[in-house]
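Q:
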Amino acid sequence: MKTAALLILLAAALAPSARAASFDCGKARTPLERRICADPALGQADEDLSKAYAETLRTFVVPEFIKDSQRAWLFEAPQCLENKTCAELFKERAETLRLYRSAKVYTDYGKDFDREKTTLVVYERNGKPWLDWYGDWMPDAYRPKPFPDGFLARDGGELIPAKGKFTLADHDDAIISLSDDKITFGGEYGMSLTARQGFIHGDFLRVR
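Numbered per mature numbering (1 follows the signal peptide of the UniProt record, and there is no 0), the sequence shown spans residues -20 to -1, 1 to 188.
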């Protein structure tokens, strides 16, 4: 009996990935899902991400934004080539979702989420003010497919103080005024995105 019990405990210890993944590994179909189930560290990162997503979805002021941005993130996640890289990617996404819980959210659509408009998330990352932007989605005119295909403005950067306002390192054309009630992208054009998507410009009101 003692030997049988020991074998059961040993088998459990040698199979952590089955417990760690956020889904049933018996139903794993994609290459990434199979890698998650085969690698304990990657499986744990996947489970931690799942928990962070669930908690942030429960408390975020625009929950549909969390759902939509997670779909966009998952669409690109399989591109990671090594398990260690994938685990770091999962950990980074989980940390971002946790930081979103204390963020201020600004939109040009109120609370009724619209990926073709703009969501701005202001929060603190590594002790510095940070801005994430998301939206302005449009389909590819040459091979139109539904979201998450198409073109999506999804990025972020540190808010750098500049003459009483803010700018961004990779978007020095941006002149950003930030208050508790709204965020304004000033200047003639605001912040340029892509030739297809145009600019982020004007006022975005805080969603509470």
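For glycine and all other residues, C-beta sits at the position ideal for the given N, C-alpha and C.
Which residue spans inside the stretch 45 to 131 form an unbroken alpha helix (DSSP H) run of at least 4?
A: The stretch 45 to 131 contains these whole alpha helix (DSSP H) runs: 63 to 79.
Q: Counting along the chain, where does the beta strand (DSSP E) carrying G182 start and finish?
A: The count along the sequence shown starts at 1 and reaches residue 182 at position 202. That run of the beta strand (DSSP E) goes 182 to 187.
Q: On the three-state DSSP scale, how would you describe residue 234?
A: Past the edges of the chain, shown from -20 to 188, lies residue 234, and the structure says nothing about it.
Q: Roughly how many whole angstroms lie between the Cα atoms of T165 and T87?
A: The residue given as residue 165 occupies position 185 in the sequence shown. The residue given as residue 87 occupies position 107 in the sequence shown. Here residue 165 turns out to be Phe, not Thr, going by the sequence shown. Each residue's Cα considered, the two are about 12 Å apart.
Q: Which one of W110, R15, A142 has the shortest CA to CA distance from L61?
A: By 1-based counting over the sequence shown, the position of residue 61 is 81. The residue with the shortest Cα to Cα distance from L61 is R15.
Q: Find out if the Cβ-Cβ distance for the pair F45, Y103 is shorter than 9 Å.
A: Taking the first residue of the sequence shown as position 1, residue 45 is located at position 65. Taking the first residue of the sequence shown as position 1, residue 103 is located at position 123. No, the Cβ-Cβ distance between F45 and Y103 is not below 9 Å.
Q: In whole angstroms, give me the CA-to-CA distance for P58 and L12.
A: Stepping through the sequence shown from its first residue, residue 58 is reached at position 78. Stepping through the sequence shown from its first residue, residue 12 is reached at position 32. About 6 Å.
Q: Hey, F127 and Q177: beta-carbon distance below 9 Å or not?
A: Locating residue 127 in the sequence shown gives position 147, where the first residue counts as 1. Locating residue 177 in the sequence shown gives position 197, where the first residue counts as 1. Not closer than 9 Å, so no.
Q: So, under 8 Å CB-CB, W117 and G136 are touching, yes? Tell me the CB distance rounded to an integer number of Å.
A: One-based indexing of the sequence shown puts residue 117 at position 137. One-based indexing of the sequence shown puts residue 136 at position 156. In fact, because the Cβ distance is near 17 Å, the residues do not count as touching under 8 Å.
Q: To the nearest angstrom, how far is it from the Cα of L139 to the Cα of D28?
A: Within the sequence shown, numbered from 1, the residue matching residue 139 stands at position 159. Within the sequence shown, numbered from 1, the residue matching residue 28 stands at position 48. Distance between the alpha carbons of L139 and D28 is about 28 Å.
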